[in-house]
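Participant: I have a structure I would like to understand better, so I am pasting it below and will then ask my questions one at a time.
2 protein chains.
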Amino acid sequence: MTKPKHEPLIDLCRQRGLRITGQRRVILQVLDAADDHPNVEELHRRVGEREPGVNIATVYRTMNKLADLGLIERHIFDDGRLRYEPAPDEHHDHLINVDTGEVIEFRSDEIERLQEEIAQKYGFEIVSHKLELYVRLRKKR
Amino acid sequence: MTKPKHEPLIDLCRQRGLRITGQRRVILQVLDAADDHPNVEELHRRVGEREPGVNIATVYRTMNKLADLGLIERHIFDDGRLRYEPAPDEHHDHLINVDTGEVIEFRSDEIERLQEEIAQKYGFEIVSHKLELYVRLRKKR
DNA sequence: CATCCAGATGCAAATGAGTCGCAAGTATGA
DNA sequence: TCATACTTGCGACTCATTTGCATCTGGATG
Ligand SMILES: [Mn+2]
Ligand SMILES: [Mn+2]
Ligand SMILES: [Zn+2]
Ligand SMILES: [Zn+2]
Numbered sequence: 001m002t003k004p005k006h007e008p009l010i011d012l013c014r015q016r017g018l019r020i021t022g023q024r025r026v027i028l029q030v031l032d033a034a035d036d037h038p039n040v041e042e043l044h045r046r047v048g049e050r051e052p053g054v055n056i057a058t059v060y061r062t063m064n065k066l067a068d069l070g071l072i073e074r075h076i077f078d079d080g081r082l083r084y085e086p087a088p089d090e091h092h093d094h095l096i097n098v099d100t101g102e103v104i105e106f107r108s109d110e111i112e113r114l115q116e117e118i119a120q121k122y123g124f125e126i127v128s129h130k131l132e133l134y135v136r137l138r139k140k141r
Numbered sequence: 001m002t003k004p005k006h007e008p009l010i011d012l013c014r015q016r017g018l019r020i021t022g023q024r025r026v027i028l029q030v031l032d033a034a035d036d037h038p039n040v041e042e043l044h045r046r047v048g049e050r051e052p053g054v055n056i057a058t059v060y061r062t063m064n065k066l067a068d069l070g071l072i073e074r075h076i077f078d079d080g081r082l083r084y085e086p087a088p089d090e091h092h093d094h095l096i097n098v099d100t101g102e103v104i105e106f107r108s109d110e111i112e113r114l115q116e117e118i119a120q121k122y123g124f125e126i127v128s129h130k131l132e133l134y135v136r137l138r139k140k141r
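Each protein sequence line maps, in turn, to chains A and B.
Letter 46 of the first sequence, counting from 1, is numbered 46 in the working numbering, and no numbers are missing.
Letter 28 of the second sequence, counting from 1, is numbered 28 in the working numbering, and no numbers are missing.
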């Protein structure tokens with residue numbers, strides 16, 4: 001979400017030479033339409049609404065392929081399952097409401113900068129990072 | 001690591017009324033001696049060096065119990081397996097060398113503060129958070 | 001268009017970390 | 001010393017994800 005949904009994934013797939021099968025077409029539509037971070041089971045469910053009969057193994061395989069090509073991002077939040085979202089134009093991190101499961105995206109240039117600073121201090125360069133805030137509604141006060 | 005290893009876990013366990021069995025004694029020793037973030041398989045291996053015959057299910061159960069009591073912390077880095085460390089006196093985050101697997105601990109009050117700020121901005125309070133920097137040695141330049 | 005085949009799919013079986021049921025063993029308080 | 005609630009070993013189980021394999025097909029080619 002917070003994603004202007006630049007280009008449909010299907011075009012990116014074509015560019016990368018992926019065969020566009022009926023199953024993939026639907027899966028890509030579902031991904032493009034998603035404004036959340038669904039896991040494979042949920043993706044498969046959404047695919048099934050548009051086109052029954054697509055096997056969940058196909059969804060798994062497609063997600064792996066898309067992730068390898070960098071067209072989608074893979075996340076694992078605290079439930080331990082693989083979740084996906086179309087690769088965003090601009091990096092963001094996640095804030096997860098532990099009560100509802102809702103995921104909110106945010107970006108802090110300040111934090112990004114401090115991370116770089118820390119890595120540098122130890123003589124490293126950052127390959128990737130993960131920042132997740134597990135939160136609940138602030139009560140009273 | 002970076003842990004003054006304040007009090008052996010065994011005392012904390014006694015305080016909490018956990019029965020001190022031979023297996024637990026060894027497991028706790030291994031945890032106290034660890035200066036890294038071993039997974040259960042590795043813990044079981046280390047336990048086996050001191051006292052063969054302890055079942056890995058016992059290690060799993062003990063880790064769950066200790067984590068429930070807050071005596072140890074559970075982490076899941078990018079390999080997806082459960083890793084443990086004695087609960088540190090002071091919160092820290094992790095920097096993981098993707099080439100070697102080495103884990104370095106760091107703490108940034110600055111980042112901690114910014115996280116709070118962000119959560120607050122959205123009307124939430126932080127329950128927990130995860131910050132992991134996956135890094136590699138900075139080459140040349 | 002008809003052909004061809006590398007790549008894609010469905011299905012079932014395999015994998016692998018972690019959990020659980022149960023019978024047998026034991027730490028600990030009385 | 002006893003009683004019993006807690007632990008353990010062990011194998012079976014779970015469940016998300018992966019994989020082997022036979023079959024199918026997108027899309028390049030002529
Ligand atoms: Mn996101
Ligand atoms: Mn640590
Ligand atoms: Zn970030
Ligand atoms: Zn932190």
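A virtual CB, placed ideally from N, CA and C, is assigned to each residue, including glycine.
Just confirm the distance between the C-beta atoms of Tyr84 (chain A) and Arg74 (chain A), as a whole number of angstroms; I'd bet it's less than 8 Å.
Facilitator: 6 Å between Cβ atoms; contact.
Participant: For His92 (chain B), which residues of its own chain have a beta-carbon under 8 Å away from its beta-carbon, when the five flanking residues on both sides are left out?
Facilitator: Around His92 (chain B): Thr2, Glu105, Phe106, Arg107.
Participant: Check the DSSP bridge columns for Asn39 (chain A) and list the partner residues they point to.
Facilitator: Bridge partners of Asn39 (chain A): A:Arg83.
Participant: In whole angstroms, what is the alpha-carbon distance linking Ile96 (chain A) and Arg138 (chain A)?
Facilitator: Straight-line Cα distance between these residues: approximately 13 Å.
Participant: Please list, in chain order, the chain A residues whose beta carbon lies closer than 7 Å to that of Ile111 (chain B).
Facilitator: Near Ile111 (chain B) (Cβ distances below 7 Å), the residues of chain A are Ile111, Leu114.
Participant: Between Val54 (chain A) and Gln29 (chain A), which are expected to be in contact by the criterion C-beta below 8 Å, what is the C-beta distance as a whole number of angstroms?
Facilitator: Rounded, the Cβ-Cβ distance is 12 Å, inconsistent with contact.
Participant: Give the range of the alpha helix (DSSP H) segment to which Asn64 (chain A) is assigned.
Facilitator: Taken as a continuous stretch (DSSP letters only), the alpha helix (DSSP H) holding Asn64 (chain A) covers 56-68.
Participant: Mapping DSSP to helix, strand and coil, what is Leu18 (chain B)?
Facilitator: Note: Leu18 (chain B) maps to coil in three-state DSSP.
Participant: Tell me Arg136 (chain B)'s beta-bridge partners as DSSP assigns them.
Facilitator: A:Glu125, per the DSSP bridge assignment.
Participant: Excluding sequence positions up to five away, which residues of its chain have a Cβ less than 6 Å from the Cβ of Pro8 (chain B)?
Facilitator: Cβ within range, chain order: Asp32.
Participant: Report yes if the C-beta distance between Ile27 (chain A) and Thr62 (chain A) is below 7 Å; otherwise report no.
Facilitator: In this structure, Thr62 (chain A) lies closer than 7 Å to Ile27 (chain A) by Cβ.
Participant: Counting C-beta neighbours from all protein chains within 10 Å, is the total for Pro86 (chain B) 16 or more, i.e. buried, or is it exposed?
Facilitator: Burial call: buried.
Participant: Using a Cβ-Cβ cut-off of 7 Å (strictly less than) and excluding sequence neighbours within five positions of Tyr122 (chain B), which residues of its own chain qualify?
Facilitator: Within the same chain, Tyr122 (chain B) has no close Cβ partners at all.
Participant: Hey, would you say the C-beta of Asp78 (chain B) is under 6 Å away from at least one heavy atom of ligand 3?
Facilitator: Checking every heavy atom of ligand 3 against the Cβ of Asp78 (chain B), none is found closer than 6 Å.
Participant: Ligand 4 and Asp32 (chain A): does the residue's C-beta get closer than 6 Å to at least one heavy atom of that ligand?
Facilitator: Asp32 (chain A): no, Cβ never under 6 Å from ligand 4.
Participant: In terms of DSSP beta bridges, what is Ile76 (chain B) paired with?
Facilitator: DSSP, once it has assigned bridges, lists B:Leu82 as partnering Ile76 (chain B).
Participant: Run through the DSSP bridge pairs and tell me what Val103 (chain B) is partnered with.
Facilitator: Per DSSP, B:Ile96.
Participant: According to DSSP, is Leu28 (chain A) helix, strand or coil?
Facilitator: Helix at Leu28 (chain A).
Participant: Identify the contact partners of Arg50 (chain A) in chain B, using a Cβ-Cβ distance below 7 Å as the criterion.
Facilitator: In chain order: nothing, as chain B lies at least about 31 Å away.
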